[in-house]
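Enquirer: Would you mind keeping the following structure in view while I ask a few things?
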């Protein structure tokens, strides 16, 4: 009979310690160790024996002798999801999708698998009943005979049903509710999440069946459970968005089979999630002809996908003596840097004023090319002067007040031209040799004061 003992695990990185310590030796985090009861065999260590390592069938192979082949992929019905994954689900891959409760993770997966035909799919639910999933499928408007629902939290019984069904795709919703009988700790603990994910990875690699895991996130916004969970899986997707808005963004945090810079945009409607084919029109005001100060249009790029973003700013006199800096959807530290540049390099007195900045549509943007649109919106609100609605901006602002070049400038200019903008402001020398192929008016600026004079000094 196996013995049990108490072991401490780091909830951040999964580091194991026989006693509690304040600072984790593995990741350096403080107060992250939790106590768990685990079972050990009478033979001693729970690790792999040296004899088992000697009997391994793997042999070193020269890199030049390895045949490079294209990974077979399972194409999903959602084009947005396929693009974020890099072209579809790779056979034998383990994918983790994380997000806040109620953001739409289960809906995204369910409406995709219900649209697949000719493949057997096993959906393992540890949180919802079969009746709840059927009601959600009826709301989406799709019911499939090839999708099997299993409400189970025991990993051993899950593998038994997998052998009986022989699915082409397995979904586990969620990994924090699954527990293995080999470990005497509660579901969702560090050791349970790590062991269950490792066993599912072993199954995926040996059988060639792709597995999708749904995971919770903690209050900091990262995937709940040990950090080693993100190292085990092949792909980590983050499904994010404000529940007060209809739009959701699917980002790739880690992808061994594709790029991590692609995003997918969805709109939450009554019948599920709808793909947004043209995000630029979604992120712009419905009535662009209305003249208001404090609004500028920036051209951002996520992966290879350019889209227009409306930046809104409000600058007012500080009512209580201490100026406020409130930002939504943009890095507050970067906005403070831009305000310092405007005050030090250009001479605008903004230290005694409240500054509020908002990225319309509920997006969170970290593209440095949005700097020019941010300072334009701030100056427009400060002087209460309207920026023409037909102007777009793309450029990074440096600490000395210079406008720095940005990547993929041709795609940015082409996107502005396609959506009917008349003028686009870009950094000087960013479009070398290809400026003549665009019909849109292109104005090159090298410094912030040059941009201000071109817009407002008339």
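Numbering (the working numbering), first residue to last: 10 to 467.
All residues carry an ideal CB built from backbone N, CA and C; glycine is no exception.
Check whether the stretch 233-250 and the stretch 357-367 are in contact - that is, three or more C-beta pairs closer than 8 Å.
Expert: Too few Cβ pairs lie closer than 8 Å, so no.
Enquirer: Note down the Cα distance separating residue 450 from residue 146, rounded to an integer number of angstroms.
Expert: C-alpha separation (whole angstroms): 50 Å.
Enquirer: Determine the closest residue to residue 455 out of 283, 413 and 425, with distance taken between C-alpha atoms.
Expert: Among 283, 413 and 425, the Cα nearest to that of residue 455 belongs to 413.
Enquirer: Hey, could you find the ends of the alpha helix (DSSP H) residue 346 is sitting in?
Expert: Per DSSP, residue 346 belongs to the alpha helix (DSSP H) from 341-350.
Enquirer: Let me know the secondary structure DSSP gives residue 140 once reduced to three states.
Expert: Helix at residue 140.
Enquirer: Count the other C-beta atoms from every protein chain shown that fall within 10 angstroms of the C-beta of residue 116, then say buried if there are 16 or more, exposed otherwise.
Expert: Classification for residue 116: buried.
Enquirer: Assign residue 89 to one of two classes, buried (16 or more other C-beta atoms within 10 Å of its C-beta) or exposed (fewer than that).
Expert: Residue 89 is buried by the Cβ-count criterion.
Enquirer: Tell me the DSSP secondary structure of residue 373 in three-state form.
Expert: Note: residue 373 maps to coil in three-state DSSP.
Enquirer: Taking the runs of the beta strand (DSSP E) that are 3 residues or longer, which of them lie wholly in the stretch 258-291?
Expert: Complete beta strand (DSSP E) runs here, min 3: 272-278 and 281-284.
Enquirer: Note down the Cα distance separating residue 468 from residue 144, rounded to an integer number of angstroms.
Expert: Residue 468 is absent from the model: the chain starts at 10 and stops at 467.
Enquirer: Does the beta-carbon distance from residue 466 to residue 385 come in below 7 Å?
Expert: No, the Cβ-Cβ distance between residue 466 and residue 385 is not below 7 Å.
Enquirer: Tell me the start and end of each unbroken beta strand (DSSP E) in the stretch 378-438 that is at least 3 residues and wholly inside, in chain order.
Expert: 400-402 and 432-436, all fully within the stretch 378-438.
Enquirer: Using alpha carbons as the reference points, say which of 428, 321, 438 and 353 lies closest to residue 364.
Expert: Minimum Cα distance to residue 364 is reached at 321.
Enquirer: Taking the beta carbon of residue 76 as the centre, do at least 16 other beta carbons fall within 10 Å, making it buried, or is it exposed?
Expert: So residue 76 counts as exposed.
Enquirer: Does DSSP put residue 447 in a helix, a strand or coil?
Expert: Looking at residue 447 - three-state DSSP - the assignment turns out to be coil, as it is neither helix nor strand.
Enquirer: Using the C-alpha atoms, what's the distance from residue 272 back to residue 92?
Expert: So the two alpha carbons sit approximately 8 Å from each other.
Enquirer: Whose C-alpha, out of 154, 19, 313 and 131, is nearest the C-alpha of residue 419?
Expert: Comparing Cα-Cα distances from residue 419 to each of 154, 19, 313 and 131, the minimum goes to 313.
Enquirer: Check residue 159 in the structure and name its three-state DSSP category.
Expert: Strand, per DSSP.
Enquirer: Looking at the secondary structure, which residues open and close the alpha helix (DSSP H) in which residue 461 lies?
Expert: Counting along the chain, the alpha helix (DSSP H) containing residue 461 begins and ends at 457-465.
Enquirer: Would residue 399 and residue 303 be called neighbours here (beta carbons separated by less than 7 Å)?
Expert: Against a cut-off of 7 Å, the Cβ pair of residue 303 and residue 399 comes out as no contact.
Enquirer: When DSSP labels each residue in this structure, what does residue 454 get in the three-state scheme?
Expert: Note: residue 454 maps to strand in three-state DSSP.
Enquirer: Do residue 21 and residue 41 have their beta-carbon atoms positioned less than 7 Å apart in this structure?
Expert: Their beta carbons are under 7 Å apart, which means residue 41 touches residue 21 by this criterion.
Enquirer: Can you tell me whether residue 89 is helix, strand or coil according to DSSP?
Expert: In the structure shown, residue 89 sits in a helix (DSSP, three-state: H, G or I).
Enquirer: Please work out which residues of its chain come closer than 6 Å, Cβ to Cβ, to residue 254, disregarding the five sequence neighbours upstream and downstream, and give them in chain order.
Expert: Taken in chain order, the residues that qualify are 371.
Enquirer: Since residue 428 contacts residue 289 with CB under 8 Å, what's their CB separation in whole angstroms?
Expert: Rounded, the Cβ-Cβ distance is 6 Å, consistent with contact.
Enquirer: Between residue 277 and residue 106, what straight-line distance do the alpha-carbon atoms span, to the nearest angstrom?
Expert: Going from the Cα of residue 277 to the Cα of residue 106 covers about 17 Å.
Enquirer: Using 10 angstroms around the beta-carbon of residue 348, count the other beta-carbons present and answer buried if the total reaches 16, otherwise exposed.
Expert: Classification of residue 348: buried, given that the 10 Å Cβ count is 16 or more.
Enquirer: Taking Cβ to Cβ, would you say residue 250 is nearer than 7 Å to residue 262?
Expert: Not a contact, by the Cβ cut-off of 7 Å.
Enquirer: Run the CB neighbour count on residue 326, radius 10 Å, all protein chains shown included, and call it buried at 16 or more, exposed below.
Expert: Per the 10 Å Cβ criterion, exposed.
Enquirer: Taking the C-alpha atoms as reference points, what is the distance between residue 381 and residue 329?
Expert: Looking at the two C-alpha atoms, the distance is approximately 29 Å.
Enquirer: Under a three-way DSSP split, which group does residue 106 fall into?
Expert: If DSSP states are grouped into helix, strand and coil, residue 106 belongs with the strands.
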